[in-house]
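If you count the sequence shown from 1, position 205 lands on 209 in the numbering used here, and the numbers rise without skipping. For every residue, glycine included, the Cβ atom is placed at its ideal position computed from N, Cα and C. Structure, as structure tokens:
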Amino acid sequence: MNRIIRGVIQYNQKIKAGLVKQFEHVSDHPNPTAVMFTCMDSRMLPTRFTQSAVGDMFVVRNAGNMIPAAPNYGSYSEVSINTEPAALELAVKRGKIRHVVVCGHSDCKAMNTLYQLHQCPTKFDVSSPMDQWLRRNGFESMKKLNERLHIGPKTMKFESEVAPSQSFEAIIDPMEKWSAEDKLSQINVLQQIMNISTHEFLKDYLEAGNLHLHGAWFNIYDGEVFLFSKDRKRFVVIDEKTVPSLSAELERRCPLPEDKAGDVVIQNLH
């Protein structure tokens with residue numbers, strides 16, 4: 005706690021005045037354009053690596069950046085009473101957000117634990133909230149990792165029954181650069197996008213093209229940020245070289261008015 009208190013003092017001395025000006029500018033009418041689901045890992049600083057200011061973005065954090073899927077019974081899905089779907093409703097239906105980003109990262113302790121539980125099922129502790137959370141919401145991700153390890157870097161299908169427009173294909177780690185756990189982390193990002201698409205209250209937004217789901221991944225060892233490209237079927241590092249193609253893809257797939265505000269920033273990179 006002493007570290008936290010010292011941090012507040014430094015905040016008071018160096019940062020608060022600037023933030024108060026941002027609060028005054030945003031006032032009671034913030035205009036966030038995205039909601040990001042990311043991991044609670046202390047090494048993940050999403051507002052830093054996206055350079056988000058006050059009012060720019062909702063952030064929801066949990067162990068493993070997971071979004072529980074809606075329980076499905078036949079052709080209907082039940083309402084999922086969890087923080088994450090509630091946050092989606094708040095952001096999308098009430099906040100008019102049009103972009104949802106799921107962002108995972110390398111060396112994710114939640115994904116490492118999920119992988120270990122799969123390798124040694126006897127380690128599963130029925131009294132552990134963490135183990136139960138990972139097994140329930142990571143089961144499909146683990147199944148897809150097994151598929152990836154079996155077939156190698158070939159095309160995998162991610163299919164949505166509730167919102168078919170959200171189905172896509174992916175090639176995970178085509179260069180065999182990452183460990184099995186990091187492969188799992190990347191697969192999990194894409195599977196959580198599928199989980200989002202199971203919620204009936206989002207179906208009309210998704211099918212009408214008024215809501216767009218994105219996958220991102222952060223490498224904690226070198227600070228690189230990756231965006232999943234549906235065109236290229238893989239995670240692509242975001243840098244000056246890839247921005248033109250990634251932006252062109254986003255403009256074509258997500259033709260929303262607020263995206264136009266990004267053009268000036270992109271041009272200034274060159």
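Quick one: what's got a C-beta closer than 8 angstroms to residue i's C-beta in the same chain, skipping five residues either side?
| i | result |
| --- | --- |
| L121 | K127, F128, D135, L138 and R139 |
| R238 | A174, I175, I176, P178 and F232 |
| S110 | W182, D186, S189, W221, F222, N223, I224 and Y225 |
| P36 | G59, D60, M61, F62, A95, G99 and I101 |
| V23 | For clarity, residue 23 is Leu in the given sequence; the question names Val instead. Within the same chain, L23 has close Cβ partners V58. |
| T246 | V240 |
| M44 | R65, N66 and A67 |
| V30 | V58 and G59 |
| P157 | I175, I176, D177, P178, M179 and E180 |
| E93 | F205 |
| S171 | K161, F162, E163 and S164 |
| E28 | none |
Roughly how far, in whole angstroms, is the beta-carbon of residue i from the beta-carbon of residue j, given that I think they are within contact range, below 8 angstroms?
| i | j | result |
| --- | --- | --- |
| L194 | L149 | Contact doesn't hold; Cβ gap of about 11 angstroms is too wide. |
| M61 | T54 | 7 angstroms |
Reducing DSSP to helix, strand and coil, say where residue i ends up.
| i | result |
| --- | --- |
| T37 | coil |
| F222 | strand |
| R7 | helix |
| S233 | strand |
| F143 | helix |
| G22 | helix |
| K161 | strand |
| V30 | helix |
| A265 | At A265, the pLDDT of 49 sits below 50, so the modelled position is not reliable; the number obtained from the coordinates is stated separately. Residue state, collapsed to three classes: helix. |
| E173 | strand |
| V166 | coil |
| V130 | coil |
| R256 | helix |
| L273 | Any reading at L273 needs caution, since the residue's pLDDT is 42, under 50, leaving its predicted position unreliable; the model's value is listed next. Three-state DSSP puts L273 in coil, outside helix and strand. |
Please confirm whether residue i and residue j have their CB atoms less than 7 angstroms apart.
| i | j | result |
| --- | --- | --- |
| T159 | E173 | yes |
| V240 | S233 | yes |
| G108 | N192 | yes |
| L217 | V63 | no |
| N141 | P75 | no |
| A21 | G68 | no |
| D235 | E253 | yes |
| V58 | Q26 | yes |
| S164 | E211 | no |
| G219 | I200 | no |
| N116 | E185 | yes |
| P133 | H203 | no |
Enumerate in chain order the residues of its own chain whose CB-to-CB distance from residue i is below 6 angstroms, with the five nearest sequence positions on each side excluded.
| i | result |
| --- | --- |
| E207 | Sequence check: residue 207 is Lys here, not Glu. For K207, where only same-chain residues beyond five positions count, the Cβ hits under 6 angstroms are V166 and A167. |
| E144 | Q195 |
| A91 | V64 |
With a threshold of 7 angstroms on Cβ separation, who are the neighbours of residue i within its own chain once the five nearest residues in sequence on each side are excluded?
| i | result |
| --- | --- |
| V96 | L206, Y209 and L215 |
| P50 | M40, T42, V63 and C107 |
| D267 | Any answer about D267 is weak, because its pLDDT of 48 lies below 50 and its placement is not dependable; what the coordinates show is given next. Closer than 7 angstroms at Cβ, skipping near neighbours: no residue. |
| P34 | G59 |
| R152 | M160, I176, K187 and I191 |
| A265 | At A265, the pLDDT of 49 sits below 50, so the modelled position is not reliable and the matter cannot be decided from this model. |
| V130 | none |
| C124 | none |
Return the chain-ordered ranges of every alpha helix (DSSP H) run that is complete within the region 176 to 223 and spans a minimum of 4 residues.
-> 184 to 200 and 204 to 211
- Item | Complete runs of the alpha helix (DSSP H) confined to the region 43 to 128 [at least 4 residues] | 50 to 53, 87 to 93 and 113 to 123
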